[in-house]
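Enquirer: Below are the structure tokens for one structure; questions will follow.
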Amino acid sequence: MIFLPFGRIQSASQSDSSQRGMRCCHANALVTTIPSLLPDKGLPAGAEDLGNGFILLRARDKFHQRVDGEYGLAILTVLEEEEGEAVKEGWFPRIARWARLQLPNGQIVRSVWKESKMATVRPARNVKYVYDKEVRYGEVQFFFQATINKTGKEHSLASVSVYSDPDAEILEESYGTVIQCDYFGEEALEVIAVGDIQAGVAMIPIGEDGAYFVAEKLGLDVDAMAGMEEDMHAD
Numbered sequence: 003m004i005f006l007p008f009g010r011i012q013s014a015s016q017s018d019s020s021q022r023g024m025r026c027c028h029a030n031a032l033v034t035t036i037p038s039l040l041p042d043k044g045l046p047a048g049a050e051d052l053g054n055g056f057i058l059l060r061a062r063d064k065f066h067q068r069v070d071g072e073y074g075l076a077i078l079t080v081l082e083e084e085e086g087e088a089v090k091e092g093w094f095p096r097i098a099r100w101a102r103l104q105l106p107n108g109q110i111v112r113s114v115w116k117e118s119k120m121a122t123v124r125p126a127r128n129v130k131y132v133y134d135k136e137v138r139y140g141e142v143q144f145f146f147q148a149t150i151n152k153t154g155k156e157h158s159l160a161s162v163s164v165y166s167d168p169d170a171e172i173l174e175e176s177y178g179t180v181i182q183c184d185y186f187g188e189e190a191l192e193v194i195a196v197g198d199i200q201a202g203v204a205m206i207p208i209g210e211d212g213a214y215f216v217a218e219k220l221g222l223d224v225d226a227m228a229g230m231e232e233d234m235h236a237d
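Quick note: to get this note's numbering, add 2 to the position in the sequence shown (first position is 1).
Put into structure tokens, the structure is as follows:
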């Protein structure tokens with residue numbers, strides 16, 4: 003009869019498992035601390051690199067859609083300014099909408115176009131941007147691209163619903179720390195260049211009268227609401 007040293011075998015096996023577990027924990031901790039150590043996955047399918055850290059991400063319209071109404075008028079305003087002349091009466095642009103935009107800071111901004119159709123709505127669709135040298139806040143309706151005939155240059159743009167200017171009294175009383183704005187939906191649409199977007203922000207509702215509090219970098223929950231630390235490969 004042969005006796006095998008099962009105790010030693012089991013002990014060695016447990017030791018190997020423990021060492022593998024420790025190595026795995028160390029590797030995960032290192033990657034969490036230095037994300038750049040992860041291999042580059044490249045851009046997701048269908049994404050478009052706009053340069054300077056801006057990347058358009060799907061979903062995207064399969065076909066160009068005619069945009070009329072308030073959204074179309076907002077786009078026409080920009081096109082007429084760029085072209086330097088009025089467009090033909092009754093004409094409205096046809097565009098392909100994009101759902102998401104990654105910013106140079108790593109945030110991913112979403113849009114009302116796709117989010118409003120989802121069962122679980124992610125609120126990371128509000129942005130801080132500069133328009134005519136002024137800081138503004140807006141809710142992104144959709145992203146799109148348009149070519150200006152006069153120059154032949156393609157522009158990457160965003161349709162946004164602009165929040166009101168911050169309540170001056172509250173801003174003064176809070177020493178500039180509380181920014182409260184009102185939301186007007188389709189009544190306050192404008193088109194901006196995606197390059198003017200500085201960051202995603204969280205707009206937290208105050209009561210039921212359409213007022214919102216602007217939250218920037220106040221913790222992980224707010225970062226998630228503003229699109230921080232999100233994988234561009236995720237839908």
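Ideal placement from N, C-alpha and C gives every residue a C-beta, glycine not left out. Predicted model, so just to flag it, every value in this text is computed and none were measured.
1. List the endpoints of the continuous alpha helix (DSSP H) containing Ile77.
2. Between the C-alpha atoms of Asn128 and Leu81, what's the straight-line distance to the nearest angstrom?
3. Can you tell me whether DSSP reads Ser113 as helix, strand or coil?
4. Could you tell me the distance, in whole angstroms, from the CA atom of Glu218 to the CA atom of Ala204?
5. If you draw a straight line from the C-alpha of Tyr185 to the C-alpha of Asp167, how long is it?
6. Do you know offhand how far Leu75's Cα is from Asn151's?
7. Compare the C-alpha of Gln200 against each of Phe65, Gly108, Arg99 and name the closest.
8. Can you give the beta carbon distance from Arg68 to Ala98, rounded, assuming they're within the 8 Å contact cut?
9. Does the beta-carbon of Leu105 have 16 or more other beta-carbons within 10 angstroms, so that it is buried, or is it exposed?
10. What residues match up with Tyr133 in a beta bridge as DSSP calls it?
11. Taking the DSSP output, what are the residues bridged to Pro46?
12. Nearest by alpha-carbon distance to Gly140: which of Arg96, Phe215, Thr35, Ile36 is it?
13. Do the segment 146-160 and the segment 77-95 make contact, defined as three or more Cβ pairs closer than 8 Å?
14. Are there 16 or more other CB atoms within 10 angstroms of the CB of Trp93, so buried, or fewer, so exposed?
15. Going along the chain, which residues of its own chain have a beta-carbon closer than 6 Å to the beta-carbon of Arg60, five neighbours each way excluded?
16. So Gly88 is in the beta strand (DSSP E); what residue range does that whole segment cover?
17. DSSP three-state label for Ile181, please.
18. Which residue's Cα is closest to the Cα of Ala195: Ala31, Ser20, Leu58, Ile36?
19. Less than 8 Å separating the beta-carbons of Glu73 and Leu159?
20. Would Ser163 be called buried (16 or more neighbouring beta carbons within 10 Å of its own) or exposed?
21. Which of the three DSSP states, helix, strand or coil, is assigned to Asp198?
22. For Ala170, does the count of other Cβ atoms within 10 angstroms reach 16, so buried, or fall short, so exposed?
23. If you draw a straight line from the alpha carbon of Glu173 to that of Glu189, how long is it in whole angstroms?
24. Go to Leu173, then tell me how far its alpha helix (DSSP H) extends in each direction, as first and last residue.
25. For Arg96, which residues in the same chain have their Cβ closer than 6 Å to its Cβ, ignoring the five residues on either side in sequence?
Expert: To lay it out plainly:
1. The residue labelled residue 77 in the question sits at position 75 within the sequence shown. Element bounds for Ile77: 71-85.
2. Start at 1 with the first residue of the sequence shown, and residue 128 comes out as number 126. Start at 1 with the first residue of the sequence shown, and residue 81 comes out as number 79. Straight-line measurement puts the Cα of Leu81 at about 24 Å from the Cα of Asn128.
3. Residue numbering aside, residue 113 sits at position 111 when the sequence shown is read from its first letter. Looking at Ser113 - three-state DSSP - the assignment turns out to be coil, as it is neither helix nor strand.
4. The residue given as residue 218 occupies position 216 in the sequence shown. The residue given as residue 204 occupies position 202 in the sequence shown. Cα-Cα distance, rounded: 7 Å.
5. Locating residue 185 in the sequence shown gives position 183, counting from the first residue. Locating residue 167 in the sequence shown gives position 165, counting from the first residue. One alpha carbon belongs to Tyr185, the other to Asp167, and they sit about 10 Å apart.
6. Within the sequence shown, the letter at position 73 stands for residue 75. Within the sequence shown, the letter at position 149 stands for residue 151. Between Leu75 and Asn151, the C-alpha separation is close to 18 Å.
7. As a position in the sequence shown, residue 200 is number 198, starting the count at 1. Nearest option by C-alpha distance: Gly108.
8. The residue labelled residue 68 in the question sits at position 66 within the sequence shown. The residue labelled residue 98 in the question sits at position 96 within the sequence shown. About 11 Å; that fails the 8 Å criterion.
9. Residue numbering aside, residue 105 sits at position 103 when the sequence shown is read from its first letter. Looking at its Cβ environment, which holds 16 or more other Cβ atoms inside 10 Å, Leu105 is buried.
10. The residue labelled residue 133 in the question sits at position 131 within the sequence shown. BP columns for Tyr133 point to Glu136.
11. Here the question's residue 46 lines up with position 44 in the sequence shown. In DSSP, Pro46 forms no bridge with anything.
12. The sequence position of residue 140 within the sequence shown is 138, counting from 1. Taking Gly140 as reference, the option from Arg96, Phe215, Thr35, Ile36 with the minimal CA-CA separation is Phe215.
13. Touching, yes, given that three or more Cβ pairs across the two stretches are closer than 8 Å.
14. Reading the sequence shown from its first residue, position 91 is the one you call residue 93. By the neighbour-count rule (16 or more Cβ atoms within 10 Å), Trp93 is not buried but exposed.
15. Stepping through the sequence shown from its first residue, residue 60 is reached at position 58. For Arg60, where only same-chain residues beyond five positions count, the Cβ hits under 6 Å are Gly48.
16. Reading the sequence shown from its first residue, position 86 is the one you call residue 88. Looking at the sequence itself, residue 88 is Ala, so the reference to Gly does not match. Run containing Ala88: none; DSSP gives neither H nor E here.
17. Residue 181 sits at position 179 when you count from the first residue of the sequence shown. Residue state for Ile181 is assigned as coil, using DSSP reduced to three classes.
18. Stepping through the sequence shown from its first residue, residue 195 is reached at position 193. The residue with the shortest Cα to Cα distance from Ala195 is Leu58.
19. On the sequence shown, position 71 is the one that residue 73 refers to. On the sequence shown, position 157 is the one that residue 159 refers to. According to the sequence as given, residue 73 is Tyr; it is not Glu. Judged by beta-carbon spacing, Leu159 lies beyond the 8 Å limit of Tyr73, meaning their Cβ atoms are not closer than that value.
20. Here the question's residue 163 lines up with position 161 in the sequence shown. Ser163 comes out buried.
21. Within the sequence shown, numbered from 1, the residue matching residue 198 stands at position 196. In the structure shown, Asp198 adopts helical secondary structure according to DSSP, grouped into three states.
22. The sequence position of residue 170 within the sequence shown is 168, counting from 1. So Ala170 counts as exposed.
23. Here residue 173 refers to the residue found at position 171 when the sequence shown is read from its first residue. Here residue 189 refers to the residue found at position 187 when the sequence shown is read from its first residue. Checking the sequence shown, residue 173 turns out to be Leu, not Glu. Between Leu173 and Glu189, the alpha-carbon positions lie close to 24 Å from each other.
24. Position 171 of the sequence shown, counted from the start, is the residue given in the question as residue 173. Per DSSP, Leu173 belongs to the alpha helix (DSSP H) from 170-175.
25. Within the sequence shown, the letter at position 94 stands for residue 96. Here the set comprises His66, Arg68.
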